[in-house]
Amino acid sequence: MLNECSVWSKNHLEYFYLYLYILLSAGLRCPHVSTCHSFHTSSMLANSQDFYEILGVSRTATQKDIKKAYYQLAKKYHPDTNPDDPEAKEKFAKLAEAYETLSDEVKRKQYDTYGAAGFDPRRAGAGQQQYYRAGGSNIDPEELFRKIFGEFSGGMGFGDIHSMFEQRPEFVMELTFSEAAKGVNKDLSVNIEDDCPRCDGKGNEPGTKVSLCHYCNGTGMESVNTGPFMMRTTCRRCGGKGSIINTVCALCRGSGQTKKRQTVTVPIPAGVEDGQTVRMSVGKREILITFRVQRSPVFRRSGADIHSDMFISIAQAILGGTATTQGLHETISIMIPSSCQADQVIRLQGKGIRRMNSYSYGDHYVHIKIRVPKKLTRRQRSLLLSYAEEETDVHGTVNGVSPSAGGSSTSASAEKTTSSEEGQDKPQEQKEEGGFFSKLKKMFS
0 MLNECSVWSK NHLEYFYLYL YILLSAGLRC PHVSTCHSFH TSSMLANSQD FYEILGVSRT
60 ATQKDIKKAY YQLAKKYHPD TNPDDPEAKE KFAKLAEAYE TLSDEVKRKQ YDTYGAAGFD
120 PRRAGAGQQQ YYRAGGSNID PEELFRKIFG EFSGGMGFGD IHSMFEQRPE FVMELTFSEA
180 AKGVNKDLSV NIEDDCPRCD GKGNEPGTKV SLCHYCNGTG MESVNTGPFM MRTTCRRCGG
240 KGSIINTVCA LCRGSGQTKK RQTVTVPIPA GVEDGQTVRM SVGKREILIT FRVQRSPVFR
300 RSGADIHSDM FISIAQAILG GTATTQGLHE TISIMIPSSC QADQVIRLQG KGIRRMNSYS
360 YGDHYVHIKI RVPKKLTRRQ RSLLLSYAEE ETDVHGTVNG VSPSAGGSST SASAEKTTSS
420 EEGQDKPQEQ KEEGGFFSKL KKMFS
């Protein structure tokens, strides 16, 4: 009878595990299993990437370098920092498995010898040679990070780890084009939460003590039994701090934080762009500052390069000369070549904006614009009519100029207008002497 009961129980147990396997394979949740804020690494995570590459260190890196690299990357990819990134948990778990292996000299030696394909982190260090991969690591990434965080932060409580991942206050600062291009120190008024000055952020009334949380034994984590699984999650009693406040601070009421308004000076580096966000420490807090750069009436920006327009006269465009334009830091004199065309671009090397995190500068591109006069004197009109008579590449007609039978253009009133303006009675052959270019030269002499 006993054997029959044993067989019956064994069969039902096999059916239960088969049912559970089908549910998990189909991507369904078991109704008796709750979600936990804990992760378990798998050996499959390391198959696609080298442990050294995951931590971003060389194979000759010291233990200090490995620990520092893990700490920085774990803060960056912690699930609390990236709540909207579904891949953050996997990256965080990869970092934990890589650090667990490389931080142990025995495991690291075996890993360097056999590689990821032939290394079993669970059995490393047992004096056995590994030529296969039998399974993943049992390390809890959250526990590992909490341990390393405590070493870097001087024993800071687990509750302070989660406060580190709280959303940073964001502020917007308006900048002129010149301030963004040249850099400036500018004041910003901020209203942020900082450590309570009365209790120094501890939350308890000065002179009183806090007691150890017996619910989690001061670890800040508790184990929750959910049927066949054992989960690790933040302690519900102390909120992950590991201690209980008996007498709360009268100023902050136990939160350890107070709001205060203060003015901070923001050092704005040269070359910041519109919409760029920087981080800045204010006390023990970190804030985000987003820059809004105003448009310039003179310059247009393209990275570290700037563009501007320069207007020149018709005479300057034809004969050449010099002109001045507004630069980023000073007024610049520019040589204009003869026969300069409209929209021709002149490059001023190194006269642009300084590149961030660099000693080099962009360029200033000056776009030539030819200013056409709205009104002409009689003499200017006469000279232009004479010039029009000499043109041979005109497609169409010019007002005031009639094409002759030979194909060239003539102006019947050009000589009469010139004679009337000068008010002198000279022989006809003397008036025609020199042609258009002589007249043009006299006009600008």
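Going by numbering that gives the first Met the number 0, the first residue of the sequence shown is number 0, and it counts up by one from there. Every residue, glycine too, gets a C-beta built ideally from N, C-alpha and C. Note that this is a predicted model, so its numbers are computed, not measured.
Contact between the region 327-344 and the region 303-318 is established, with three or more Cβ pairs separated by less than 8 Å. If you ignore the 5 residues before and after residue 242, its C-beta comes within less than 8 Å of the C-beta of 156, 209, 210, 211, 212 and 217, all in its own chain and listed in chain order. A direct Cα-Cα distance of roughly 10 Å separates residue 267 from residue 174. In this structure, the alpha-carbon of residue 232 lies about 10 Å from that of residue 238. DSSP lists 333 as the beta-bridge partner residues of residue 322. With contact defined as three or more Cβ pairs closer than 8 Å, the region 295-308 and the region 185-192 are not in contact. Taking a cut-off of 8 Å on C-beta distances, the region 344-358 touches the region 268-288, as three or more cross pairs fall below it. Around the beta carbon of residue 278, fewer than 16 other beta carbons lie within 10 angstroms, which makes this residue exposed. Counted as a single uninterrupted DSSP element, the stretch harbouring residue 63 is not any beta strand (DSSP E) but the alpha helix (DSSP H) occupying residues 62-76.
DSSP places residue 352 outside any beta strand (DSSP E), giving it a letter other than H or E. In the structure shown, residue 358 falls within a coil segment according to DSSP collapsed to helix, strand and coil. Of all alpha-carbon atoms in 204, 98, 260 and 333, the one lying nearest the alpha-carbon of residue 281 is that of 260. A straight line joining the alpha-carbon of residue 377 with that of residue 184 spans about 57 Å.
Residue pairing from DSSP places residue 256 in a beta bridge opposite 194. Residue 197 and residue 214 do not touch by the CB rule: their CB atoms are close to 27 Å apart, not below 8 Å.
Relative to the Cα of residue 347, the nearest Cα in the group 250, 244, 334 and 89 belongs to 334. Residue 89: member of the alpha helix (DSSP H) spanning 87-101, first to last residue. In this structure, residue 400 lies away from residue 291, with their beta-carbon atoms at least 7 Å apart. Linking residue 312 to residue 383 through their CA atoms gives a straight-line distance of about 14 Å. By the C-beta density criterion, residue 105 is exposed, having fewer than 16 other C-beta atoms within 10 angstroms. At least 7 Å separates the beta-carbon of residue 248 from that of residue 221.
DSSP, reduced to helix, strand and coil, places residue 186 within a strand of the structure shown.
A check of alpha carbon separations from residue 48 across 63, 276, 253 and 114 identifies 114 as the nearest. Residue 303 is not a Cβ neighbour of residue 253, given a cutoff of 7 Å. For the pair residue 76 and residue 87, the CB atoms are nearer than the 7 Å cut-off.
Distances from the alpha-carbon of residue 201 to those of 240, 250 and 255 put 255 closest.
DSSP places residue 178 in the uninterrupted alpha helix (DSSP H) bounded by 176-181.
DSSP, read as helix, strand or coil, puts residue 221 in strand.
DSSP, read as helix, strand or coil, puts residue 109 in helix. Contact between residue 337 and residue 323 is ruled out by a C-beta separation of about 18 Å, above the 8 Å threshold.
Boundaries of the alpha helix (DSSP H) around residue 50: 50-54.
Beyond the five residues adjoining it in sequence on each side, residue 289 comes within less than 6 Å, by CB distance, of 171 and 276 in the same chain, given in chain order.
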